[in-house]
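To start, the structure itself, in structure tokens.
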Amino acid sequence: MASETIELKIDGMTCSHCQRAVHQALEKLPGVEHVRVDLEHGSATISGSATTSAMISAVEDEGYIAQVIPNSSSHGS
Ligand SMILES: [Cu+2]
Numbered sequence: 565m566a567s568e569t570i571e572l573k574i575d576g577m578t579c580s581h582c583q584r585a586v587h588q589a590l591e592k593l594p595g596v597e598h599v600r601v602d603l604e605h606g607s608a609t610i611s612g613s614a615t616t617s618a619m620i621s622a623v624e625d626e627g628y629i630a631q632v633i634p635n636s637s638s639h640g641s
């Protein structure tokens with residue numbers, strides 16, 4: 565199973581309505597298994613096999629800005 569967890573930085577969320585819009589946009593993507601949107605930190609954590617570019621465009625379609633947060637913890641140097 566190529567399931568992985570991706571963290572996105574989301575800009576533009578101001579209230580729980582925004583949070584829900586982002587959550588729903590990500591959740592309906594094919595391959596996405598679990599979504600958690602953190603309004604306070606402006607981030608989203610997505611588990612599943614969808615591509616990050618699909619996630620970013622889904623969020624942007626809702627009117628928010630999404631960026632991948634580089635995951636520095638997966639490779640200890
Ligand atoms: Cu809002």
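First residue of the sequence shown? That's 565 in this note's numbering, and the numbers climb one at a time after it. Beta carbons are placed, not taken as given, at the ideal position from N, Cα and C, and that holds for glycine.
Item	Value
Selection from Ser-567, Ser-613, Met-619 and Thr-578 that minimises the alpha carbon distance to Asp-602	Thr-578
Thr-616: CB within 7 angstroms of a non-hydrogen atom of ligand 1	no
Other residues of its chain near Val-596: CB distance less than 7 angstroms, five sequence neighbours each side excluded	Leu-590, Ile-610, Gly-612 and Ala-614
Opposing strand residues paired with Glu-571 [DSSP bridges]	Thr-609
CB contact flag (Val-623, Val-586, <8 angstroms)	yes
DSSP three-state assignment for Ala-614, whether helix, strand or coil	coil
Cβ-based burial, Glu-604 [other Cβ within 10 Å; buried from 16]	exposed
Delimiting residues of the alpha helix (DSSP H) encompassing Glu-591	580-591
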